[in-house]
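One structure below.
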Amino acid sequence: MERETHILVIPYPIQGHINPMLQFSKRLASKGARVTLVATSTIRNSMQALQGARSVNIEIISDGSEGDETVESLLATLDRFKDIVSQSLAEYIEKLNSSNYPPKFIVYDCVLPWALDVAKKYGLDGAPFFTQSCAVNVIYYHLKQGTIRLPIEGPTVSLPSLPKLTINDISSFLSNPSSYPALLNLVMDQFSNFLEAKWLSQSLRIFTMFFLTFDS
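Counted the way numbering that gives the first Met the number 0 counts, the sequence shown spans residues 0 to 215.
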């Protein structure tokens, strides 16, 4: 991989999403790429945890949280996050395109599918990064495809390539869909356009496939 290759990595700003994408960023950097983890201002106060990633550049873009004490619903918060971060990301890409290190790729958290639209606007390739396990994503995907219907009826659920699952094996987003409707929509949206991306990123195997394709 050419050392000038610049890859942006943008996680959703909570620890369970940032940590795996940070580790993935280090792997990308170990292949010789210039990697920038694009974090949003929500995690500004916890940036110390990222400072040890010396092989990875860290950039903070606005998500509208600076000094904001507005009380609003989770759905409104997610909508505002999407609107502001998509604009902040676009502005950052424009800035980089005038620098010595214009980006070529965006690896984006799968729950931020709109990041692919931003990438396409500027001629970048995008790859969604699935931070949850394959088995969990399969369950959500079957819900998206209609194999599972809500509310779930019966004590067990049978899905292709998975053992029989009890209701306790399934995320509360599905077993009790009225509990967190905004978060259920968030995880379902990850499948809205992922087939339009050139690569998918999750495991070491997919990571290897990413580079085999890139290097060819």
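Beta carbons: idealized from backbone N, C-alpha and C, even for Gly.
Straight-line gap, residue i to residue j (C-alpha atoms, nearest Å)
i	j	result
G63	V84	8 Å
D82	T155	39 Å
K30	L194	26 Å
Q131	Y140	12 Å
L199	S72	31 Å
K197	L164	32 Å
L21	V55	8 Å
I151	Q189	21 Å
E93	S177	40 Å
P159	L95	44 Å
L115	F128	11 Å
S191	A28	29 Å
D214	Q86	The predicted model places D214 with a pLDDT of 44, which falls under 50 and marks its position as unreliable, so this point remains unresolved.
For residue j and residue i, believed in contact at Cβ under 8 Å, the rounded distance
i	j	result
A134	L161	6 Å
I6	P102	7 Å
L88	V37	7 Å
E58	Y91	7 Å
V106	V186	Contact doesn't hold; Cβ gap of about 18 Å is too wide.
Boundaries of the beta strand (DSSP E) in which residue i is found, first to last residue
i	result
V37	R33 to T39
Start and end residues, alpha helix (DSSP H) containing residue i
i	result
V135	C133 to Q144
D116	W113 to K120
L173	S171 to S174
I83	L73 to N96
G184	Reading off the sequence shown, one finds Asn at residue 184, where the question assumed Gly. Note, N184: alpha helix (DSSP H), P180 to M187.
Classification of residue i by the beta-carbon crowding that lies within 10 angstroms, buried from 16 upward
i	result
R33	buried
Y100	exposed
A118	buried
L74	exposed
L111	buried
D108	buried
A181	exposed
Interface flag, residue i vs chain B, CB-CB below 8 Å
i	result
V106	Any reference to chain B falls outside this structure, which holds one protein chain only.
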